[in-house]
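Residue numbers (full-length UniProt numbering): 449 to 817. Cβ coordinates follow ideal geometry from the N, Cα and C atoms, glycine included. See structure below.
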Ligand code: GTP
Ligand code: MG
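What follows is the structure, encoded as structure tokens:
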């Protein structure tokens, strides 16, 4: 359902809130305050009293993601998306670098990894894992804000010599809210002053109960410096992802998320993570109020690829405008539809700026007043 607050509705209609509330009371509403929220039907009734017609915007002009399937067991497997989180300086990048270097994919391309916000690691078993780089960055938070859980697994990095710190707690909060399973990597175990028990105890205080501490969260001591424990960490991620068994349709319309946008020598580019469908050059996509006819797809090594499938990080160029980090990416059937959707969204965001939440008010009627 769609809702609007009393103060927003008064604002749109252009009536002072006090006067607006008074009129509502005359209509028979009781104990109304500016902050009350009206459903679409009630808002329509009240708007009509002021000679306005409320349009219930069902969003038909927009593109929408397909509803989630209940049974995905027949769909193809996709790589899990793993996010590394943790306090500043606790060794996140060092762990990611180690994973990247050990990856078959990286060695094939001479290990030159471009920064596209996400990268794929090929496990010795032949399974790929997608890692989201620089987590906690704006795109990730933006996606979380929209309720999108792009991450399947969080690797929580806690330094063995420093234990739980404010951003560790923050990361635990994000993972818990998003209901994402956690693997703990206790990092820097090569350092003097390492104390794994202290870390485990501190974690349990914050709701992460690891294996020897009465819980079932795996905690693995690692050093991104010496490589100690890193294979175990990889194995733990693979084992958990096999258990979670992520699958996604590859033949439907493309859906995904923009991770980062940047300007490259070849033009506007955006790195994205495909959630469903198969993206190919020539496809038309919309992300927020930007659209693209996909020109080139590149992997994180900068190598041109012919298609991108679910769970795969990819860089896309061909954008007419720069898309925003964290916006949802959806396929449009043709350029005209993409342009219409962008126009529609721009108009809509204008009305939202005016303070209309979900109910748009008919401008034509307004002129009659
Ligand atoms: P931010 O991105 O700033 O939050 O830091 P980070 O979590 O990515 O940490 P980073 O990997 O950059 O490591 C921070 C410092 O710790 C660097 O000086 C690393 O060399 C050092 N470091 C990281 N991992 C290890 C480790 O396993 N052992 C030792 N001895 N030092 C490490
Ligand atoms: Mg870092």
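Proximity of residue 734 and residue 720 at Cβ, strictly below 8 angstroms: No, they are not a contact pair.
Residue 698 versus residue 716 - alpha carbon distance: Spanning the two alpha carbons is a distance of roughly 26 angstroms.
Check: residue 568 C-beta below 7 angstroms from any heavy atom of the ligand GTP: Incorrect: residue 568 has no Cβ contact closer than 7 angstroms to the ligand GTP.
Terminal residues of the alpha helix (DSSP H) in which residue 605 lies: Boundaries for residue 605: no alpha helix (DSSP H) harbours it, while the beta strand (DSSP E) harbouring it runs 601-607, taken from the DSSP string.
Same chain, Cβ closer than 6 angstroms to residue 738, five either side skipped, listed in chain order: Taken in chain order, the residues that qualify are 767, 769 and 771.
Whether residue 740 touches residue 722 by CB criterion (8 angstroms): Contact: no.
Contact test: residue 639 Cβ vs the ligand MG heavy atom, cutoff 7 angstroms: Not so, every heavy atom of the ligand MG lies at least 7 angstroms from the Cβ.
Residue 788 beta carbon less than 8 angstroms from that of residue 495: No, they are not a contact pair.
Sheet register partners of residue 525 (DSSP bridge): Its beta-bridge partners are 695.
Residue 541 CB to nearest heavy atom of the ligand MG below 7 angstroms: Yes - the ligand MG has a heavy atom lying nearer than 7 angstroms to the Cβ of residue 541.
Euclidean distance between Cα positions of residue 616 and residue 660: Cα to Cα, the separation comes out at about 20 angstroms.
C-alpha distance - residue 577 paired with residue 499, whole-angstrom precision: Using only the alpha carbons, I get a separation of about 58 angstroms.
Cβ-based burial, residue 758 [other Cβ within 10 Å; buried from 16]: The residue is buried, with at least 16 neighbouring Cβ atoms inside 10 Å.
Per-residue DSSP class, three states only, for residue 462: Of the three classes helix, strand and coil, the one that applies to residue 462 here is coil, per DSSP.
Environment of residue 621 [buried if 16+ CB atoms lie within 10 Å]: Classification of residue 621: exposed, given that the 10 Å Cβ count is below 16.
Meets three-Cβ-pair contact criterion under 8 angstroms: the segment 475-490 and the segment 516-536: Judged by Cβ distances under 8 angstroms, the segment 475-490 makes no contact with the segment 516-536, as fewer than three pairs qualify.
Span of the beta strand (DSSP E), counted from its first residue to its last, around residue 761: Unbroken beta strand (DSSP E) run through residue 761: 761-767.
First through last residue of the alpha helix (DSSP H) which encompasses residue 617: Counting along the chain, the unbroken alpha helix (DSSP H) around residue 617 starts and ends at 614-625.
Neighbourhood of residue 583 by C-beta, 7 angstroms cutoff - its chain only, sequence neighbours within 5 removed: Residue placement at residue 583 cannot be trusted, given a pLDDT of 48 that sits under 50; the coordinates are not used to answer.
According to DSSP, residues forming a beta bridge with residue 668: Paired residue(s): 633.
Closest Cα partner of residue 527 within the set 648, 674, 489 and 692: For the residues 648, 674, 489 and 692, the minimum Cα distance to residue 527 belongs to 692.
Residue range of the unbroken alpha helix (DSSP H) whose run includes residue 651: Counting along the chain, the alpha helix (DSSP H) containing residue 651 begins and ends at 644-653.
Nonlocal neighbours in the same chain, by C-beta distance under 8 angstroms from residue 662, ignoring five residues either side: Correct list, in chain order: 652.
Alpha helix (DSSP H) segment containing residue 490, residue limits: For residue 490, the enclosing alpha helix (DSSP H) stretches over residues 488-497.
Among 736, 632 and 610, nearest to residue 786 - alpha-carbon criterion: The residue with the shortest Cα to Cα distance from residue 786 is 736.
Any non-hydrogen atom of the ligand GTP closer than 7 angstroms to residue 538 Cβ: Yes - the ligand GTP has a heavy atom lying nearer than 7 angstroms to the Cβ of residue 538.
Stretch pair the segment 662-675 + the segment 537-549: three plus CB contacts closer than 8 angstroms: Short answer: they touch.
For residue 727 and residue 755, believed in contact at Cβ under 8 angstroms, the rounded distance: About 6 angstroms separates the beta carbons of residue 755 and residue 727, which is inside the 8 angstroms limit, making them a contact pair.
Residues sharing a beta bridge with residue 470, DSSP: Partner(s): none; residue 470 has no beta bridge.
Assumed close pair residue 475, residue 489 - CB separation to whole angstroms, cut-off 8 angstroms: That pair is no contact at about 14 angstroms.
Cutoff 7 angstroms; reference residue 613; Cβ partners in own chain excluding five residues on either side: If we look at residue 613 and ignore the five residues flanking it on each side, its Cβ neighbours are 535.
For residue 770, the first and last residue of its enclosing beta strand (DSSP E): First-last for residue 770: undefined, no H or E at that position.
Of the listed residues 713, 751, 752 and 709, nearest to residue 775 (C-alpha basis): The shortest C-alpha separation from residue 775 is found at 709.
Contact set for residue 491: own chain, Cβ-Cβ below 7 angstroms, skip 5 residues either direction: Close CB contacts of residue 491 within its chain, under the 7 angstroms cut and outside five residues either way in sequence, are with 452, 457, 502 and 807 (chain order).
Spatial neighbours of residue 753 in its chain, beta-carbon cut-off 8 angstroms, leaving aside the 5 residues before and after: If we look at residue 753 and ignore the five residues flanking it on each side, its Cβ neighbours are 745, 746, 747 and 762.
Proximity winner among 743, 730 and 519, relative to residue 695 (alpha-carbon distances): For the residues 743, 730 and 519, the minimum Cα distance to residue 695 belongs to 519.
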